[in-house]
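Using the numbering used here, read the sequence shown as starting at 978 and increasing by one per residue.
Glycine included, each C-beta is placed from N, C-alpha and C at the ideal position.
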Amino acid sequence: METVEMNSVSLKRPHSEDDLDEIKRQKISENSKTGNDSGQSVETETEQPDKSLLEDTKKEIIPNEEGEEQEDEDLEDGDEDGDSESFADMMKHGLTESDVGITKFVSSHKGFSGILKERYSDFVVHEIGKDGHVSHLDDFSVPVDDEDPSEETFTVLSDDDKQRLEELQLLKNKETSVAIEVIEDTKEKRTVIHQAVKSLFPGLETKTEDRDGKKYIIAYHAAGKKALANPRKHSWPKSRGSYCHFVLYKENKDTMDAINVLSKFLRVKPNIFSYMGTKDKRAITVQEIAVLRITAQRLAHLNKCLMNFKLGNFSYKNHPLKLGELQGNHFTVVLRNITGTDDQIEQAMHSLREIGFINYYGMQRFGTTAVPTYQIGRAILQNNWSEVMDLILKPRPGAEKGYLVKCREEWAKTRDPAAALKKLPVKRCVEGQLLRGLLKYGMKNIISAFGIIPRNNRLMYIHSYQSYVWNNMVSKRIEEYGLRAVPGDLTLKGATAVHIEEGDVDNYTIHDVVMPLPGFDVIYPKHRIGEAYKEMLVADNLDINNMRHKIRDYSLSGAYRKIIIRPQNVNWEVVAYDDPKIPLFTTDLDKLEGKPLPVLPTDGKFRALKMEFSLPPSTYATMAIREVLKMDTSIKNQTQLNTTWLR
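Below, the structure written as structure tokens:
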């Protein structure tokens, strides 16, 4: 088998008149763009871009890993004072694949171009549970339960009643109770109102009172603030599982956004939801969710009022879901306007099925601005806290929101956390959190100030550095030894890594070989790549034999990762089409609603490659697609290729 160096392939695409108008608007708008509130430095709470045509054409990395970093947040318009520099010009400062060690291919076919995610519906993800079951939305029915309230429960309260009850529930005003007059008073009507308040507003209790000859239902807090976080246990039937499991079908929303929306509509805290993994925004995704003591009936009612969500396949169980407890995800992907010949496509897809792809960490692991996340991670590991602060806050070229640019300029000019913070309308971004920390703890206690940032976001930086090292070392390993197991390589025996000895080498293939992410609890290859790890860390002023940090959170134990992944259930077909806006396959929701697949021409203007494959956790679907297309998946490269064509 042959390894191949990276080559960029020109990407050209057809545009409708609407598309070209949109591009013109992008060119003349005076705005700054960025990947997320933190200058694309934090991926754990962010989303996929979906606002401009140029962003649509980029190759977006989809981590298929539970607890893995999410993709970059919407590239939102900056303010009108922002730099008029085009998005493509700004992205000249971004990263390319070679910057983060992604340089090799395993297949020998000639690359070809195609458009990934021209429409978010061209990318569909179905979660695969730990039992191998693939999640599908195919049933809207609600489990029959005599304990469930009547349908009238959801309509008996007026909008004004609901507003007042929500304010009472969330302790938003000084009122200690809400009185609801019972119109057309009957015992049955009062019972329905009692049920409605208790089921729709967890934490509230009710009682009936006579006032001036009229009946009122009085709602009040029975247990103070704790009631909101802990739905009323006594109201849940003992025979019913405490958790309602359901399938969440969502379009163009990331998992945390979806849960926040559900929480708002249900008037509960988001932490009563659990899931096995976060899913991409710019896609259609189907996954299992569990929620504590919320009825299927209540959840199903949300289908009437939510956009881009559908809930179904309800069941009651006695356990929540745990992050990472899954086999992986199944992907259905359409690459539009492909240029490859039938032979090229066959070679590419056969190679993907038989050999696989290099298991690189994808581009969004490293951010997209001039300050990659791995640089901040390296500074943390070096215990260089002034460098950490400067890397996060200093001005940087490239794609940024207007208010972030102003914040950074203020910081560079004054080094005053309070003054810089005033420039930020969004205080939850990493820059805002760090500035608040500096305001609280002072400039001489950067460690504590940095600690205000949520733990997962802080750890993302050092994980990014580990990924950077791993990508570079794997490229060196493949360049040095090719696609075969060699003495000194590592393989796993259960959860333990062992070296492959000379006498056993014929018993292993490249698919058995793993490489370590640097840490204090891993071993390294016994050939030249083991020394290369040490040399890379020495160059970064780090000691590979001392990866423990004086702050425990930042001590790296390390891990092992397969260097080649062979996708399962690989299937593909080439289809012709004329209209770039029509869907090329039916989704779960289409099938439930009885929508037929559009009739496609036998000889259309364009061709698309429709591909399906399953990946295990901790792998990136776009790295598989990269192997098929032989294209650089960075925003920088894709944006410049598209802009060059438009000129």
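Trp1213 has its alpha-carbon roughly 57 Å from the corresponding atom of Asp1517. Looking at the backbone, the Cα of Asp1530 and that of Ser1452 are separated by about 29 Å. Taking C-alpha positions only, Ala1267 is separated from Lys1400 by approximately 39 Å.
Rounded to whole angstroms, the Cβ separation of Val1490 and Asp1466 is 5 Å, and the two are in contact under 8 Å. Our two residues, Asn1433 and Leu1283, have alpha carbons roughly 29 Å apart in a direct line. Here the C-alpha atom of Asn1306 lies approximately 35 Å from the C-alpha atom of Ser1176.
Inter-segment contact for the region 1213–1223 and the region 1176–1190 is absent: fewer than three beta-carbon pairs are separated by less than 8 Å. Counting along the chain, Ala1474 sits inside the beta strand (DSSP E) bounded by residues Thr1473 to His1476. Arg1538: member of the beta strand (DSSP E) spanning Ala1536 to Lys1539, first to last residue. The Cβ atoms of Phe1089 and Ile1429 lie no closer than 9 Å to each other. Three or more Cβ pairs closer than 8 Å define a contact, and the region 1567–1577 falls short of that threshold against the region 1290–1306. In the three-state scheme derived from DSSP, where H, G and I count as helix and E and B as strand, Met1253 is classed as coil.
In the structure shown, Ser1292 falls within a strand segment according to DSSP collapsed to helix, strand and coil. Going by DSSP, Arg1461 is part of no alpha helix (DSSP H) at all; its letter is neither H nor E. With three or more CB-CB distances shorter than 8 Å, the region 1102–1113 counts as touching the region 1241–1258. Counting along the chain, Leu1358 sits inside the alpha helix (DSSP H) bounded by residues Thr1350 to Leu1358. A distance below 9 Å separates the beta carbons of Ala1474 and Pro1493.
In this structure, the CA atom of Glu1387 is about 35 Å from the CA atom of Pro1247. Spatial neighbours of Ser1292 in its own chain (CB-CB distance under 7 Å, excluding positions within 5 residues in sequence) are listed in chain order as Pro1120 and His1222. Straight-line spacing of the CA atoms in Leu1577 and Ile1528 works out to 59 Å. Taking C-beta separations shorter than 7 Å and ignoring five residues to either side along the sequence, the partners of Gly1409 in its chain run Leu1398, Leu1401 and Val1403, following chain order. Residue environment analysis places Ile1170 among the buried positions, since at least 16 neighbouring C-beta atoms fall within 10 angstroms of its C-beta. Fewer than three pairs of CB atoms, one per stretch, sit closer than 8 Å, so the region 1147–1165 makes no contact with the region 1601–1608. For Leu1142, the uninterrupted alpha helix (DSSP H) segment begins and ends at Asp1136 to Gln1146. Per the coordinates, the alpha-carbon of Leu1072 lies some 37 Å from the alpha-carbon of Val1224.
Apart from the 5 residues on each side of it in sequence, Ile1271 sits with its Cβ closer than 8 Å to the Cβ of Pro1208, Cys1221, Leu1243, Val1245 and Ile1249 in its chain, given in chain order. Secondary structure note for His1307: its beta strand (DSSP E) is the uninterrupted segment Leu1303 to Arg1313. According to the DSSP assignment, Pro1394 belongs to the alpha helix (DSSP H) that extends over Pro1394 to Leu1398. Sequence-distant partners of Val1174 (beyond 5 residues in either direction) whose C-beta falls short of 8 Å from its own C-beta, in its chain, are Leu1134, Leu1142, Ile1157, Leu1181, Thr1183, Ile1194 and Ala1196. For Gly1409, the enclosing alpha helix (DSSP H) has its first and last residue at Val1407 to Tyr1418. 9 Å or more divides the Cβ of Leu1145 from the Cβ of Asn1290. Boundaries of the alpha helix (DSSP H) around Gln1172: Lys1164 to Leu1177. Per the C-alpha coordinates, the member of Ala1598, Lys1383 and Ser1591 positioned closest to Ser1112 is Ser1591. Listed as beta-bridge partners of Asn1548 by DSSP are Glu1589. Taking 9 Å as the cut-off, the beta carbon of Lys1287 is found closer than this to the beta carbon of Lys1227.
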